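Engineer: Numbering (the numbering used here), first residue to last: 783 to 1238.
A virtual CB, placed ideally from N, CA and C, is assigned to each residue, including glycine.
Computed from a predicted structure; not experimentally measured.
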């Protein structure tokens, strides 16, 4: 008999526990003093690196310095989010060899930039992530880095090898830019494991992959294609790419058509957008839908409309965010087979090889869960990997937590649920604690949606 999805084979009758607070994989131990072995730390394969001994590696301590970038983090977290601070250690900034130059951070004008943070008190683990959206390596400093550093993990993040709204210009063949995202994440994971050994004297006991949006996609892809590098991952509303659909190019054209008066609300519902999310549509129409459709269509299907976006998505914010009128009629299924082959190069299969927890807001108005994580969960089941997966829907969650500040009566941030999910993953991997079965997460009993989210 097949047990209900999300219930461990040997623990179907057990009551799952929720770990709402920090749960390091092992007691953090002093690793030789403040910034010990700084002079021995070298990132394998890096073309350039810059090391610094810092009194605080969190966004609180790095505020006003060039060791983080608050602008790149804008909108990802709610204003009232509380984050830990006071984590001394080593930060390494640098880049791997690359031919593209979209990332101008530090004045380097060089892609494949990364940041690695090594806390003085290490718990034996590493957390790796890639930038969400088309952001850069500091994008998840507040959302992810601060807390995992406080728990004792080393942390590494990549800009994915190209960034910004012109990322589609990178590479030679359609799909090259996104394919590089996966390669750069693998490259950084392998490098940071060796960096950790240089700093602390041995390789990490545990390595976790995680991320938001495109970073969630990277998490899924890595656990499918390089499970031996990781012990598990947390996927926060990862983008879904499948060769035959669904993907962004099957759900977003309806939004462009609606913004141009050529589609109705019902067309968005048919594409997967949730009823009840309509209050978020005006913002997404201005800030997300048009630009996202045109730059990803340019990445995978540049022949559809060579003049829009053309060599650049735009030279002003208004031009960048404006949709291409041609995208209102875009029909992915009717496009040449070469387009599906381009997507197939980066497509997901559901064949994960290590434990994965997925979170998705039921009011996501960019990557609607019905056309994304609901589908991916079924893909995992169809591959016979359901026992390795848990899927939690966050009631009232949407694609970026910053929108909670505009709609506190209708939304809730996903970040506190993500923190609980990460702790639940580590307990699952390291102590065999069965996570809760798939479920929808309601409001916490204490009403504190900004900093509380028990998964039970």
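When the Cα atoms are used, what is the spatial distance from residue 923 to residue 1193?
Structural biologist: 23 Å
Engineer: With H, G and I counted as helix, E and B as strand and the rest as coil, what does DSSP make of residue 1065?
Structural biologist: Residue 1065: helix per DSSP, three-state reduction.
Engineer: Could you tell me the distance, in whole angstroms, from the CA atom of residue 784 to the CA atom of residue 1137?
Structural biologist: Below a pLDDT of 50, predicted positions are generally treated as unreliable, and residue 784, at 26, falls in that range; no measurement from the model is reported.
Engineer: If you count every other CB in all the chains shown that lies within 10 Å of the CB of residue 1204, and 16 or more means buried, which is it?
Structural biologist: By the 10 Å Cβ count, residue 1204 comes out buried.
Engineer: Work out the CA separation of residue 968 and residue 1008 for me, nearest whole Å.
Structural biologist: 8 Å
Engineer: Could you compute how far the alpha carbon of residue 868 sits from the alpha carbon of residue 965?
Structural biologist: Here the alpha carbon of residue 868 sits roughly 33 Å from the alpha carbon of residue 965.
Engineer: Residue 1082: buried (16+ other C-beta within 10 angstroms of its C-beta) or exposed?
Structural biologist: buried
Engineer: Which residues in the same chain have their Cβ closer than 6 Å to the Cβ of residue 1018, if we skip the five residues on either side of it in sequence?
Structural biologist: 994, 998, 1141, 1200
Engineer: Under 8 Å by Cβ, that's how I've got residue 858 and residue 925 pegged, so tell me the actual separation to the nearest angstrom.
Structural biologist: 5 Å
Engineer: Cutting at 8 Å between CB atoms, please list the residues of its own chain near residue 1234, excluding the five before and the five after it.
Structural biologist: 802, 1198, 1226, 1228
Engineer: Can you check the segment 951-993 for any alpha helix (DSSP H) of at least 4 residues that lies completely inside it and give the ranges in chain order?
Structural biologist: 958-982
Engineer: Suppose you measure from the CA of residue 952 to the CA of residue 1079; what does that come to, to the nearest Å?
Structural biologist: 14 Å
Engineer: Which runs of the beta strand (DSSP E) fall wholly inside the segment 887-931 and span at least 3 residues, in chain order?
Structural biologist: Note on the segment 887-931: whole beta strand (DSSP E) runs with a minimum of 3 residues are 895-901, 907-912, in chain order.
Engineer: Put residue 1019 into one of helix, strand or coil per three-state DSSP.
Structural biologist: Correct three-state label for residue 1019: coil.
Engineer: For residue 805, which residues of its own chain have a beta-carbon under 7 Å away from its beta-carbon, when the five flanking residues on both sides are left out?
Structural biologist: Reliability fails at residue 805, whose pLDDT of 42 lies under 50, so the model's placement of it is uncertain and no value is given.
Engineer: DSSP three-state call for residue 849: helix, strand or coil?
Structural biologist: coil
Engineer: Roughly how many angstroms lie between the CA atoms of residue 941 and residue 973, to the nearest whole one?
Structural biologist: Each residue's alpha carbon lies about 15 Å from the other.
Engineer: Three-state secondary structure (DSSP) at residue 806?
Structural biologist: Low confidence applies here, because residue 806 scores a pLDDT of 44, under 50, leaving its location unreliable and the question unanswered by this model.
Engineer: Helix, strand or coil for residue 1138? Go by DSSP, reduced to three states.
Structural biologist: strand
Engineer: Grab the span of the beta strand (DSSP E) containing residue 835 for me, first residue to last.
Structural biologist: Run containing residue 835: 830-836, per the beta strand (DSSP E) assignment.
Engineer: Using the Cα positions of residue 1178 and residue 1151, report the straight-line distance between them to the nearest angstrom.
Structural biologist: 12 Å
Engineer: Can the beta-carbon of residue 870 be found less than 9 Å from the beta-carbon of residue 844?
Structural biologist: no
Engineer: Residue 840 to residue 958, Cα distance in whole Å?
Structural biologist: Cα to Cα, the separation comes out at about 33 Å.
Engineer: Look up residue 1229 in the DSSP assignment and give the residues it is bridged to.
Structural biologist: None; residue 1229 has no bridge partner.
Engineer: Under 9 Å between the Cβ atoms of residue 937 and residue 897?
Structural biologist: yes
Engineer: Using only the alpha-carbon positions, how far apart do residue 808 and residue 1063 sit?
Structural biologist: Confidence in residue 808 is poor, its pLDDT being 47 and thus under 50, which makes the residue's placement unreliable; the coordinate value appears in the next sentence. Residue 1063 has its alpha-carbon roughly 44 Å from the corresponding atom of residue 808.
Engineer: Would residue 954 be called buried (16 or more neighbouring beta carbons within 10 Å of its own) or exposed?
Structural biologist: exposed
Engineer: Can you tell which of 919, 904, 882, 1044 has its C-alpha closest to the C-alpha of residue 852?
Structural biologist: Closest in alpha carbon position to residue 852, among 919, 904, 882, 1044, is 919.
Engineer: When the Cα of residue 1070 is compared with those of 878, 847, 932, 947, which residue comes out closest?
Structural biologist: 947
Engineer: Given this structure, state the Cα-to-Cα distance separating residue 1237 from residue 1096, to the nearest angstrom.
Structural biologist: 42 Å
Engineer: Contact between the segment 1162-1173 and the segment 981-994: three or more CB pairs below 8 Å?
Structural biologist: no
Engineer: May I ask you to report which of helix, strand or coil DSSP gives residue 1173?
Structural biologist: strand
Engineer: Which first and last residues belong to the beta strand (DSSP E) in which residue 875 is found?
Structural biologist: Where residue 875 is concerned, the enclosing beta strand (DSSP E) stretches over 871-877.
Engineer: DSSP on residue 787, reduced to helix/strand/coil?
Structural biologist: Caution applies to residue 787, whose pLDDT of 38 falls short of 50 and renders its modelled position unreliable; the value that the coordinates give is listed next. Coil.
Engineer: Looking at the strands, I want to know which residues DSSP matches up with residue 937.
Structural biologist: 899, 909
Engineer: Using the C-alpha atoms, what's the distance from residue 991 back to residue 1221?
Structural biologist: 22 Å
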